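Under our numbering, read the sequence shown as residues 46 to 580, first letter to last. Glycine residues also receive a C-beta, built at the ideal position from the N, C-alpha and C atoms. Just so it is clear, the structure is predicted and the values come from calculations on it, not from any experiment.
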Amino acid sequence: MATSAARKSARLQSEALAPSVFGATTLRLLRLLSLYRCVAAIALAIATAGTSLHAVSYSAAAAYAIWSLLSLLTLPRFKGGVSGLLLVQLAIDLLFTVVIYFDSQSPVATYATYLYPILAAHGWFLRDRIAFGHAALASITLLVAELALRSASVQALTQAALVGAGYFLLTAIGILLGRSAEESEQKVQLRTADIRRLAHINQVVISELNDGVLVIGALGQVVMANPQATRWLGSDEAMMRSDLQLSDLSADLHARWMSYFLHNSTIDGSPIRTADGARLLTPRMMPVDLEQRAGTLIFLEDVEAAEAQAQQIKLAALGRLSASIAHEIRNPLSAIKQAAQLIGEEVSDNPGARALATMIDKNVDRIDRIVRDVSLLGRRDRGTPGAVQLHEAVIELVDELCQSLPAPRAAFRLALPEDATIYVDRSHLDEMLVNLMSNAWRHSQKVSDSVTVLATINDEMQRAIINVVDDGAGVAPEAADRIFEPFFSGSGSTGLGLYLVRELALANGGSVRLGSSQKGARFVLELPLMPEREA
């Protein structure tokens, strides 16, 4: 019942639509029916031409042929539904058949069988019980014509009944074929919709990939490029060219592709550099079609981004591990440190033993610092920014740092605005400044004003710019690009201090960089000012 109702609803909707929305198959079959009528009528007109006995048949055939031809030509502009069109055409078909039947005095089966293909087509179009109504109309018309126009003998009525049964049989066959075609069309439409959705999803996924994606045809032409590949290899205008070749984007990548396409392998697996030299890309290739080898799919991976992601994963795992075991390490470290201090007091009159105790104490401090630095690796996203008075915070940190280093207070020269309020997590600020100032002291000449902390305010950018400058030897040029990398150290430290400063600065919406300086090293820490609405 539900299937029948769905078919009826679909049929009614199709009837309400303009013919411009006829399916290609429907329109083609309607034209074939009109052509069938036209050919049959012309053949009958030719057969009866020049005979006075069948003048009515000739006139009817000529009129029927003209009507069929007009139907064939006007079908694309028809403004009604399919069901109504078929009923009107059937009425004209029956009228033509009855006229010919009356004029020719031939048996009913001679001309009535002409309607077999037409009623079968009606069954295919309508696909419902209404198609049997058309068959019934044709059968009743023949019987009435036989009774009204002829002697209505038993033989003639039997022939008319057999023709009518043929109408019903062919209509039923047409209905079955139509329903089968309808189910096939629905499956095709569903599959087409699924393919369209899948293609859209693939397009969205490819567009959002961090890797570059290129589809290269068999002749080396660029068939498709996602936005990332466009940014790395060429401009949008270049990618719009229909004749764009891979060699136009990168000669090195084209050579790799040629090797892969011809030999299914690339000998050189090293990264390639983009035309502007800004990036190193690792290409990875796979065929679009394994059998036909119609094209190649190329994935481009940013080497630096991949290394940074791998480094971040490693550091995050290390941070979680260190956080879980930090207290387990610090407890025995405290015991070792205390024992070393007690031993140092007991052997105060023995310089050699006292030196060993001091060595133990210093290395315990170093291990403790390493554990602390590593435990901070996962703190980038854990800050709670708030209002911090820069002048007061720096003075407090310098006083504490002078006691812990130890260092004289005169070694630090401060030039700070007294009314600057920055928006930062206080613990993060302490960690950043302690790392920068302790590094500056360690590499300085350790005299008065060896370390300068200078802060300025940039109102336009809403930034506090904090400069930490030392009077030491400065950073070696070959190490300048790597000093913010984790575990890179040129002085025997853990190599995590400056990396943590960069991570914490980014977590608070700021940045840190190595600035230029005539003497020593200058690190520039930029942090956001407190928004005025929250100040």
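Check	Outcome
Pick helix, strand or coil for A266, following the three-state DSSP scheme.	Here the sequence assigns Gln to residue 266, which means Ala is not the residue at that position. Strand at Q266.
Could you tell me whether the segment 312-326 touches the segment 339-357, using the rule of 3 or more Cβ pairs below 8 Å?	yes
For the beta strand (DSSP E) that G560 lies in, which residues bound it at each end?	S556 to G560
Less than 6 Å between C-beta atoms, sequence neighbours within five positions excluded: which residues of the same chain meet that for V501?	Per the sequence presented here, residue 501 reads as Thr, with Val not at that position. Here the set comprises I510.
Secondary structure at T142, three-state DSSP: helix, strand or coil?	helix
Return the chain-ordered list of same chain residues with a C-beta closer than 6 Å to the C-beta of L325, the five sequence neighbours on each side being excluded.	P316, R318 and V348
Considering only the alpha carbon of each residue, which of M303, D515 and I358 lies closest to L342?	M303
Could you compute how far the alpha carbon of A580 sits from the alpha carbon of T429?	Annotation note: pLDDT 42 at A580 (below 50); position unreliable, coordinate value reported separately. Each residue's Cα considered, the two are about 16 Å apart.
What does the Cβ neighbour count give for N503, buried or exposed, with the cut at 16 atoms within 10 Å?	exposed
In terms of residue numbering, what span does the alpha helix (DSSP H) encompassing A437 cover?	According to the sequence displayed, residue 437 carries Glu and not Ala. It spans L435 to S449 - the alpha helix (DSSP H) in which E437 sits, taken as one unbroken run.
Distance check for Q266 and L289, CA to CA, integer angstroms please.	6 Å
So what does E13 bridge to, in DSSP terms?	The structure shown has nothing for residue 13, since the chain only spans 46 to 580.
Within 10 angstroms of the Cβ of L259, are there 16 or more other Cβ atoms? Answer buried if so, exposed if not.	buried
For L543, which option in G554, A90 and P531 has the closest C-alpha, if you only look at C-alpha atoms?	P531
How should V250 be labelled, buried or exposed, when 16 other C-beta atoms within 10 angstroms of its C-beta is the threshold for buried?	exposed
Tell me which same chain residues have a C-beta within less than 6 Å of the C-beta of A385, skipping the five on either side of it?	A402, I405 and D406
So, at 6 Å on beta carbons, what are the nonlocal neighbours of L499 in its own chain, with the 5 sequence-adjacent residues on each side left out?	A460 and N512
Just to confirm my understanding: we take T142, look at its own chain, exclude 5 residues before and 5 after, and list those with CB closer than 7 Å. What are they?	Y156, A157, Y159 and L160
Under the three-state reduction of DSSP, which class applies to L541: helix, strand or coil?	coil
Since G43 and S489 are thought to touch, with beta carbons under 8 Å apart, how far apart are those beta carbons, to the nearest angstrom?	Given a span of 46 to 580 for the chain in the structure shown, any question on residue 43 remains unanswerable.
Rounded to whole angstroms, what is the Cα-Cα separation between W169 and V127?	12 Å
What are the boundary residues of the alpha helix (DSSP H) that includes P272?	P272 to L278
Nearest-angstrom Cα distance between L131 and H167?	7 Å
Among F147, W486 and Q383, whose alpha-carbon lies nearest the alpha-carbon of A193?	F147
Could you say which of M482, V416, L450 and A217 lies nearest to R458 if we only look at CA atoms?	M482
Express the C-alpha separation of M477 and D413 in angstroms, rounding to a whole number.	18 Å
Given this structure, state the Cα-to-Cα distance separating S292 from S252, to the nearest angstrom.	23 Å
Would you grab the beta carbon distance between V611 and D470 for me? Rounded to a whole angstrom, and I think it's under 8 Å.	An answer regarding residue 611 cannot be provided, because it is not within the stretch 46 to 580 covered by the chain.
What first and last residue would you give for the alpha helix (DSSP H) that runs through D297?	A296 to H308
Please confirm whether L114 and R76 have their CB atoms less than 8 Å apart.	no
Roughly how many whole angstroms lie between the Cα atoms of R365 and A521?	33 Å
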